[in-house]
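A.B. asks:
There are 2 protein chains.
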Amino acid sequence: MTNTDQDKIYTAALIIIGDEVLSGRTKDANTPYIAEKMNDAGVRLAEVRIIPDHAQTIIDTVNLLRAANDYVFTTGGIGPTHDDITAENVAAAFGVGLELSEAAYSDLLGYYKDESEITESRKKMAMIPVGAKLIENPVSGAPGINLGNVYVMAGVPKIMQAMFDSILPTLQGGAPVVSRSVTADLPESLIADGLAEVQKRHDDVAIGSYPKYQNGRFGTSLVCRGVNETSLGLVIDEIAELVKSLGEENPVIA
Amino acid sequence: MTNTDQDKIYTAALIIIGDEVLSGRTKDANTPYIAEKMNDAGVRLAEVRIIPDHAQTIIDTVNLLRAANDYVFTTGGIGPTHDDITAENVAAAFGVGLELSEAAYSDLLGYYKDESEITESRKKMAMIPVGAKLIENPVSGAPGINLGNVYVMAGVPKIMQAMFDSILPTLQGGAPVVSRSVTADLPESLIADGLAEVQKRHDDVAIGSYPKYQNGRFGTSLVCRGVNETSLGLVIDEIAELVKSLGEENPVIA
């Protein structure tokens, strides 16, 4: 990860491609992983879209989001089966075709040992968009693909994480986004008026208020995010004072 | 839930509003809940978007998706704090203002017992778009809102679920989407060629192939979804035969 331009705000979008997520069968586990890594990288995850395995939807979404963001990540749909249509539609989004990647084919051969094992379906995993680079898959056969600012990764979290970790050092980001918090055993509605005043005084820190409800009791986490640690420290102090003034004896400051 | 028109395909979109999900702090748990209930209801969850607490983004996303779908659900941003901006921006998307709901105010009063407890921030929870109906919140103070085909719900899963369950009987859907599956201890790339043939023969069933990777072994779940149970049964039988012919002795059929 190179933090080159501290003032520019870098953004990324994530496209989760898969009927299985929209049907509720599979719970997306990739968003939190990517989101957390983006904070350290100084890139804001600006939007996530979960879309079906539908060609035109993939093409349109990739084109819209790659124009609007510094980076686009996709997960899902890169395997050997008929419903794995991500690579061909990312290619279509860039107006290019697919070609057999010798490097990917060689990896497949290393994986399956014998050429006779490379069925048409398996060969499909070595077909990549013209001009694309491979993202290594250390777990199974199908590589990821990088074309322009779009990074096509597997949907299986273990594989996606390995791919993402290999991409991360190659991305450029701005100042890392730091997060700190104050947690109080008070309902957020009690804190709201004072909190709005704190937010008004500090527009370079984003303050989020997140209610918890456990065992019949309300609590609130007040999460502050920003790139300026001095401002962040001031805001945390002010919020800690606020919740103490409202009756919280031991706010948890993190 | 009224299943009125069995031929029409009803669709819904879900908008998850919250910086906390995009920062990775909060894992979305609402998508799987809504997705599963939609299947039974005969409504396809066509798209999910996770967007930030940003006014114009909320307005644009609500307007785009309410025009494209039968139903739009939103989660998050309906509380009393400064970062809860969903209600005002859904109102803006419909070109209406907010007004004090007497019913919601009366609920708040019932909840907080004394009018002196109803601060400006708490009163905000009773401000709803002109023309909107309330969705009861059985857990905490802030009600949900229904305006046109848009349903605005809490982000906290326990509250969201209660709200969603109260909405569900009022929605119209088509034929329920039924899901069945065959699971085999085979890599999906081995099944892929034959599976594509099965899919070609049955275009009224959507077949998804989902690899698993556990303890160094590959397995595959072949999930079939459709509204015609006879077709679904045929496809399941063909897939079971296919995986048996490829060496799976005990496919798990569900």
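Protein chains in written order, with the working numbering: chain P, 23 to 276; chain V, 23 to 276. Cβ coordinates follow ideal geometry from the N, Cα and C atoms, glycine included. Keep in mind that this is a model prediction, so the values were computed, not measured.
With burial defined as no fewer than 16 other Cβ atoms inside 10 Å of the residue's Cβ, what is the status of L122 of chain P: buried or exposed?
C.D. replies: With fewer than 16 other Cβ atoms within 10 Å, it is exposed.
A.B. asks: What are the residues of the segment 247-263 of chain P that lie near chain V, defined by any Cβ-Cβ distance shorter than 9 Å?
C.D. replies: Here the close residues are R247.
A.B. asks: Give me the residue from P:K135, P:M147, P:G101, P:T97 with the minimum Cα distance to L120 of chain P.
C.D. replies: Of the candidates P:K135, P:M147, P:G101, P:T97, the one whose C-alpha sits nearest the C-alpha of L120 of chain P is P:M147.
A.B. asks: 7 Å is my cut-off, CB to CB: does V70 of chain V come that close to chain P?
C.D. replies: Answer yes: the Cβ-Cβ gap between V70 of chain V and chain P drops below 7 Å somewhere.
A.B. asks: Rounded to the nearest angstrom, what separates G40 of chain V and P179 of chain P at their Cα positions?
C.D. replies: If I take the Cα positions, the gap works out to 23 Å.
A.B. asks: Taking beta-carbon pairs under 9 Å, can you tell me which members of the segment 27-55 of chain P lie near chain V?
C.D. replies: Cβ contacts with chain V come from L36, I38, G40, D41, E42, V43, L44, S45, G46, R47, T48, K49, D50, A51, T53, P54, Y55.
A.B. asks: Could you list which residues in chain V have their beta carbon closer than 9 Å to that of G230 of chain P, in chain order?
C.D. replies: Going along chain V in sequence order, the residues near G230 of chain P (Cβ under 9 Å) are G40, D41, E42, S45, R47, D75, T103, D105.
A.B. asks: Run down chain V in chain order and give the residues with a C-beta less than 8 Å from the C-beta of A218 of chain P.
C.D. replies: Near A218 of chain P (Cβ distances below 8 Å), the residues of chain V are T103, H104, S143.
A.B. asks: For L67 of chain V and chain C, any beta-carbon pair shorter than 7 Å?
C.D. replies: Going by chain labels, chain C is absent from the structure shown, which instead holds the protein chains P and V.
A.B. asks: A114 of chain P by DSSP, collapsed to three states: which one?
C.D. replies: Helix at A114 of chain P.
A.B. asks: Answer yes if the segment 236-251 of chain V comes into contact with the segment 40-60 of chain P, meaning at least three C-beta pairs across the two stretches below 8 Å, and no otherwise.
C.D. replies: The segment 40-60 of chain P, when compared against the segment 236-251 of chain V, does touch it at the 8 Å Cβ threshold.
A.B. asks: Can E210 of chain V and P233 of chain V be called in contact, C-beta distance under 7 Å?
C.D. replies: Yes, these two residues count as a Cβ contact at 7 Å.
A.B. asks: Using the Cα positions of I37 of chain P and A90 of chain P, report the straight-line distance between them to the nearest angstrom.
C.D. replies: C-alpha separation (whole angstroms): 13 Å.
A.B. asks: Report the neighbours of K235 of chain V on chain P: residues whose CB is nearer than 9 Å to its CB, in chain order.
C.D. replies: Looking at the sequence shown, residue 235 of chain V is not Lys but Tyr. Simply V161, S162, V178, K180, I181.
A.B. asks: Starting from N85 of chain P, find everything on chain V with Cβ-Cβ shorter than 9 Å and list it in chain order.
C.D. replies: Result: empty, since nearest Cβ-Cβ is about 16 Å, beyond 9 Å.
A.B. asks: Can you tell me the Cα-Cα spacing of K49 of chain P and D226 of chain V, whole angstroms?
C.D. replies: Taking the straight line joining both Cα atoms gives about 25 Å.
A.B. asks: Among all the DSSP beta bridges, which residues are the ones paired with F95 of chain P?
C.D. replies: F95 of chain P is bridged to P:L36, P:Y173.
A.B. asks: Three or more C-beta pairs closer than 8 Å, one from the segment 49-62 of chain P and one from the segment 79-89 of chain P: is that the case here?
C.D. replies: No, the segment 49-62 of chain P does not touch the segment 79-89 of chain P.
A.B. asks: What number of angstroms, rounded off, separates the C-alpha of I261 of chain V from the C-alpha of V199 of chain P?
C.D. replies: One C-alpha to the other measures close to 49 Å.
A.B. asks: Counting C-beta neighbours from all protein chains within 10 Å, is the total for Q221 of chain P 16 or more, i.e. buried, or is it exposed?
C.D. replies: Counting Cβ neighbours within 10 Å, Q221 of chain P comes out buried, since at least 16 surround it.
A.B. asks: Could you give the distance in angstroms between the alpha-carbon of Y93 of chain V and the alpha-carbon of I189 of chain V?
C.D. replies: Those two C-alpha atoms are separated by around 11 Å.
A.B. asks: Report the rounded CA-to-CA distance for A176 of chain V versus K145 of chain P, giving the unit in angstroms.
C.D. replies: A176 of chain V and K145 of chain P: Cα-Cα distance of roughly 47 Å.
A.B. asks: How about G99 of chain V and I107 of chain V: do their beta carbons lie closer than 7 Å?
C.D. replies: Cβ atoms of G99 of chain V and I107 of chain V: closer than 7 Å.
A.B. asks: Hey, could you find the ends of the beta strand (DSSP E) P233 of chain V is sitting in?
C.D. replies: Where P233 of chain V is concerned, the enclosing beta strand (DSSP E) stretches over 228-236.
A.B. asks: What does the Cβ neighbour count give for K135 of chain V, buried or exposed, with the cut at 16 atoms within 10 Å?
C.D. replies: By the 10 Å Cβ count, K135 of chain V comes out exposed.
A.B. asks: According to DSSP, what are the bridge partners of I167 of chain V?
C.D. replies: I167 of chain V is bridged to V:L156, V:V174.
A.B. asks: Since A68 of chain V is in the beta strand (DSSP E), which residue starts that stretch and which ends it?
C.D. replies: Looking at the DSSP string, the run of the beta strand (DSSP E) that includes A68 of chain V is 65-73.
A.B. asks: With distance defined between alpha-carbon atoms, name the residue in P:A125, P:H104, P:N272, P:S45 nearest to L212 of chain V.
C.D. replies: Ranking P:A125, P:H104, P:N272, P:S45 by Cα distance to L212 of chain V puts P:H104 first.
A.B. asks: Is it true that the CB of A214 of chain P sits closer than 7 Å to the CB of S203 of chain V?
C.D. replies: Taking 7 Å as the Cβ cut-off, S203 of chain V and A214 of chain P do not qualify as a contacting pair.
A.B. asks: Quick one: is S138 of chain V near chain P, going by C-beta distance under 7 Å?
C.D. replies: No, no contact with chain P.
A.B. asks: Using alpha carbons as the reference points, say which of V:Q236, V:G241, V:I258, V:T252 lies closest to I229 of chain V.
C.D. replies: Checked all of V:Q236, V:G241, V:I258, V:T252; the closest Cα to I229 of chain V is V:I258.
A.B. asks: Can you name the residues of chain V whose CB is closer than 7 Å to the CB of A57 of chain P?
C.D. replies: Simply L44, S45, G46.
A.B. asks: With burial defined as no fewer than 16 other Cβ atoms inside 10 Å of the residue's Cβ, what is the status of G255 of chain P: buried or exposed?
C.D. replies: By the neighbour-count rule (16 or more Cβ atoms within 10 Å), G255 of chain P is not buried but exposed.
A.B. asks: By DSSP's criteria, G132 of chain V is part of a beta bridge. Which residues make up the other side?
C.D. replies: Answer is none; G132 of chain V lacks a bridge partner.
A.B. asks: Which stretch, first to last residue, makes up the beta strand (DSSP E) that contains M149 of chain V?
C.D. replies: Per DSSP, M149 of chain V belongs to the beta strand (DSSP E) from 149-151.
A.B. asks: On the DSSP bridge assignment, give the partners of I275 of chain V in chain order.
C.D. replies: In the DSSP output, where bridge partners are listed per residue, I275 of chain V has V:V204.
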